[in-house]
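This report concerns only the one structure given below.
Protein chains in written order, with the UniProt record's numbering: chain A, 1 to 703; chain B, 1 to 703.
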């Protein structure tokens, strides 16, 4: 996959040196008055040019009758005008030479066909004129570093956000405002905030791409309902990953899984939301389930410290809390590994009454000697081998006498280890929390949320450190649009490296007998026809045929059945194949997502796929490491490791097949609708994988 | 199950009219000084009698040289003395005629064998003397209604909790203090708080039982690490359920699943924690995963309003939040059912720009006319048929101008519907939240937490309204301690109503042939021996035997194999059975939990049980409705509904079998260790269930 260098197209919008406000109102409480109010309150240092034909000044700032009258060329125009005046305003912006315009007004694509037409026309005009558009139907953009607030969001009413490590991108203005408010409340500053609304031009993918290369962003929060430009979105996520910028994503619409109409078995499992899960897994994006989780993870990311391992140290004043944190650690995949024996002995010498294995329960008695507590923490960090430690201190930080001494003791214990992440589960009033944070600790009231956030950081760390082998895509001739027979499908995929059984197609009974002799008995016979997809339904399959006579008779039987049930079908002969060998039956499929293109599905066969929906998706193409992660992520993974004494399955060979099918699907990006390999039998380790059946449906030929 | 009337034994401890403090210190910051300080600060109106041989007064209160000197008989004594003086103090309490003593000091069962011995001796002394004990190694007890604070918990340092609808029971003093602190912070008052520590006498079960019948408790929060008295715990939970008192439980130790040694297949799946899940499901307890969730649910319960259905109305200012809440609703099992068409029309007339189906997205424009918003909410409540409604208002309540008007508008819309639960997802400073709560709304910052809490209330409502048919337990003769053969096991369970195949045991080849003729061919042959558990391993099973000659020959073959492989085994003959019929293979088992007694397990056969651990447990006995809930709660439930065109399975008959095995297990409470019915084939609807194999292991005869 090629990685596009992000456009500089958003530079002017995020860092304008001057701003025009078309339709600026003198009333700072009105939608059309708020942007100017926020620019003034935010201390924007660049030029501010209100345009209002009816006033000399607006909110005390000199106003202009028209954009043409403005005595400079502003970088950005905020269009606080009704929808009916927007088209003309866009033309005026182009005439003036403005780089970017923000359209606040609604009434476009979201309101129906007519609005969509107008929106398209405006976008066309802007594109032709070299003007970038944000919106329409958006809440705008801001950058507190330079006091630029190109927004009318009500959420700035009480307080403006300060600058900081966060970049926020939201398709919903309300949600973008909501998380900006929560971020400020949590003490996380924001350097860039953008709401993309109807995305007539600038979309969430371009915004992500832009933020992924900004050196002054440490974490990106995004809210997405649906992506328009799949390839660009992937490219943006990969850029972010390579630049070690965590993306904390809220993608809504999970409950609409399955709403999408689907044309094949594989595709029917590929609800759009499952595809997003695949994309996020593939690029190391953290998908938050709740807003609180999204804020928590972003808060933890803002330190820029990502634990290299999943080993978690736990220090607690209460045994119960230690168990609670251990339970949570298991749930989130962190390892509460025991302290080395020598370190345990040191701790026991310090605090004879403590549990020292991990969790280290100092009991509340540790508060009687803060030096001992500090030393205890130091030993844990020095000898425990933990990249991250959680301390549980309940409401002690909020007590009058112990708050400061406790904070100092923890800080002293940690002072030699600035590379470690220390999260405290504690209750404190806002000023207490701020003081603890200033000492270098992450603070969470709830211990579970602390564990969840640390686990997310471990996930980012692993994703950032990946150096996967790249998949290789060979240019491939089109497969055309005609339906493929099973044997043609197998030939096609076999050439691409997918292993099938030694199968032969015979056109006569005598040839069938000779083929079976060559393959060895027993064999399976199947009718071969591009027109018959479900062969068993017409009795077109015979298994366990034991000798040449049976094969020759079977040939005639199958031909007769085909002629009887499907006289119209084109018959290419009878397939002769060896009997299947024992192994774990899996399913591999490819479908086309309208946004992201070819998607590979993998699942364990039978009820696992059909009833339990235990399947996993990845965008094609992907490399071997991703294929292994894909296999490892299904719930029934243990079935491949050998159950009840059966041999472990050849997962390496399975991963190879997944890589190859993904490369094939990517090479045929435009001409394949679906592929079903079902079943794909995974044999014992060293014996490989064999696909027993193949269905390839070219694009534009869906029945 | 008999329901014990709870003892009044805790009345004196929770509502003492006077209190002695043995070892009371004049220093109010010391552990031994804090209880007196808290009693004074709490305004306890009863008698307070500090006992301190060295002082005339303690913290300004007249002190006594010894308990004997106290000029009254206090109800309760707080023992703030070292462990070494505790035994004598207990004797003194008995001599004085005190009803209950609280032992704060540690160094007993939790410190090892020696401490356990001392603890037992003190408990024996107390029991013989009619003195109830709380602790040792506990943080005590409090009741803010009367200012009684028999505790030294540090968490009261800054502020005392006020009275309210909450009862808190915790085995951990630190965790009990932690949640009491959080409850106060959340504005929920506490009427009773007890920490049970080492539970030498008073345990969590008795405390629950006591709280379950207090009219001034609306919700019980509990923290449990392990229960000592299973039957009493069950009785307490059932009392709470019948009295419509929600129990919000934190049970820690989930990650130790499987640590328990187990002697049979069924038992090895019955990790102790899974048994707690079963108990909680059975008695309608809400098991919280996180502390935050525990507080959230208790907070929501404190209103005492429990929605009768799972239909959820959603009002939002933002479409994105509406999708987010819909996603969460699906996750938690709530139904965002659409508004009736007539009501949708009314809403559309009110707010033409709104989405009106449900979620009702008024958009932020609704804030321009609060009367319209109020009317909108009124229509939703009046015509939507929702018992619970969530409103999403982001940070609007925290704006200077809109906070009050918004609150009034929502209250106006809700005023005719005091029986509905209204939860608001909103951001507000503490005083803003308090004002909204005072208007009758539940307030959650995060919408997901609001949905989760409402879903918990729906769960309580359903549990409270259950009127299950009671299981019937017949007195049963002991099955002895000798191992049972398969046929004996089947006879025993067959008599208890478990359906098996028409099977016969033949002692000769000729008898085998005659039996097979009577049953009909083909048949299965199995060796019958109480000494051979795994028959297939010695080739002791033959399937699909087609005629009399085969049966007679097979008889001899099986006898020969048994003689060869297990010459020592007692052979009772050969079992003749019809071939199994097709259906869904399930597993039913019984194991003995050391705390709760017989436990019934159910799972779908094969990998579902072994790899996916898709099994569910219930304490025996239970009725039909519980059996149905049990079946419905497994992940693979869809397999019983007919997959890929197969007929739906006879779930009614399956439920009957579960009830019968639970009744059998309860009747044999003391003499059965495990039962395995594997497989139990569930046939098509109307055709019943048939168990193919049975293993019964009596107690005290484990191999």
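Beta carbons are placed, not taken as given, at the ideal position from N, Cα and C, and that holds for glycine. These numbers come from a predicted model, not from an experiment.
Check: Exposed or buried, residue 482(A), counting other C-beta atoms within 10 Å across all chains shown (16 or more means buried)?; Outcome: exposed
Check: Which partner residues of residue 193(B) appear in the DSSP bridge assignment?; Outcome: 142(B), 168(B)
Check: Could you check if residue 638(A) belongs to the surroundings of the ligand HEM, using beta carbon to heavy atom distance under 7 Å?; Outcome: The ligand HEM is absent from the structure shown, which contains no ligands of any kind.
Check: Put residue 263(B) into one of helix, strand or coil per three-state DSSP.; Outcome: Any answer about residue 263(B) is weak, because its pLDDT of 28 lies below 50 and its placement is not dependable; what the coordinates show is given next. It is coil, neither helix nor strand.
Check: Near residue 412(B), which residues of its chain fall below 7 Å by C-beta distance, leaving aside the five closest residues on each side in sequence?; Outcome: 374
Check: Shorter than 8 Å from the beta carbon of residue 690(B) to some beta carbon of chain A?; Outcome: no
Check: Give me the chain B residues within the contact set of residue 709(A), using Cβ-Cβ distance strictly less than 8 Å, ordered along the chain.; Outcome: In the structure as shown, chain A starts at 1 and stops at 703, and residue 709(A) therefore has no counterpart that could be examined.
Check: Flag this pair as yes or no: are the beta carbons of residue 403(B) and residue 425(B) separated by less than 8 Å?; Outcome: no
Check: Going straight from the alpha carbon of residue 100(A) to that of residue 682(A), what length do you get?; Outcome: 56 Å
Check: If we count Cβ pairs, one from each stretch, closer than 8 Å, do we get three or more for the segment 579–591 of chain A versus the segment 594–610 of chain B?; Outcome: no
Check: Let me know if residue 469(A) comes out buried or exposed under the rule of 16 or more other beta-carbons within 10 Å of its beta-carbon.; Outcome: exposed
Check: To the nearest angstrom, how far is it from the Cα of residue 431(A) to the Cα of residue 400(A)?; Outcome: 13 Å
Check: Is residue 357(A) near residue 340(A), with beta carbons less than 8 Å apart?; Outcome: no
Check: For residue 223(A), go through chain B and note every residue whose CB falls closer than 7 Å to its CB, in chain order.; Outcome: 320
Check: Could you list which residues in chain A have their beta carbon closer than 9 Å to that of residue 335(B), in chain order?; Outcome: What residue 335(B) touches in chain A: nothing, since even the nearest Cβ is about 11 Å away.
Check: Going by DSSP, what residues sit across from residue 316(A) in a beta bridge?; Outcome: 361(A), 392(A)
Check: Anyone know if the C-beta pair for residue 519(A) and residue 502(A) falls short of 8 Å?; Outcome: yes
Check: What first and last residue would you give for the alpha helix (DSSP H) that runs through residue 550(B)?; Outcome: 548–565
Check: If I follow the unbroken beta strand (DSSP E) through residue 77(A), where does it start and stop?; Outcome: 76–79
Check: In chain A, which residues lie less than 7 Å from residue 707(B) when you measure between Cβ atoms?; Outcome: Only positions 1 to 703 of chain B appear in this structure, which leaves residue 707(B) out of reach.
Check: Would a C-beta distance cut-off of 8 Å place residue 174(B) and residue 321(A) closer than the cut-off?; Outcome: yes
Check: On a CA-only basis, which of 56(B), 42(B), 17(B) is nearest residue 25(B)? Give me that one, please.; Outcome: 56(B)
Check: What distance in whole Å lies between the Cβ atoms of residue 476(B) and residue 667(B), which are believed to be in contact at a cut-off of 8 Å?; Outcome: 4 Å
Check: From residue 552(B) to residue 506(B), what distance separates their C-alpha atoms?; Outcome: 10 Å
Check: Using a 10 Å radius around the Cβ and a threshold of 16 neighbouring Cβ atoms, would you call residue 52(B) buried or exposed?; Outcome: buried
Check: Answer with buried or exposed for residue 254(B), where buried requires no fewer than 16 other C-beta atoms within 10 angstroms of its C-beta.; Outcome: buried
Check: Excluding the 5 residues preceding and the 5 following residue 342(A) in the sequence, name in chain order all residues of the same chain whose CB lies nearer than 8 Å to its CB.; Outcome: 383
Check: In chain order, which continuous runs of the alpha helix (DSSP H) of length 4 or greater are located wholly inside the segment 438–478 of chain B?; Outcome: 447–465
Check: When the Cα atoms are used, what is the spatial distance from residue 334(B) to residue 310(B)?; Outcome: 5 Å
Check: How about residue 218(B) and residue 302(B): are their beta carbons less than 8 Å apart?; Outcome: yes
Check: I want to see whether chain A comes within less than 8 Å of residue 610(B), judged by CB atoms only; does it?; Outcome: yes
Check: Counting C-beta neighbours from all protein chains within 10 Å, is the total for residue 117(B) 16 or more, i.e. buried, or is it exposed?; Outcome: exposed
Check: Output yes if chain A places a C-beta closer than 8 Å to the C-beta of residue 204(B); else output no.; Outcome: no
Check: According to DSSP, is residue 17(B) helix, strand or coil?; Outcome: coil
Check: Decide if the segment 59–66 of chain B is in contact with the segment 657–677 of chain A; the criterion is three or more beta carbon pairs, one per stretch, under 8 Å apart.; Outcome: no
Check: Beta-carbon separation of residue 96(B) and residue 68(B) under 8 Å?; Outcome: yes
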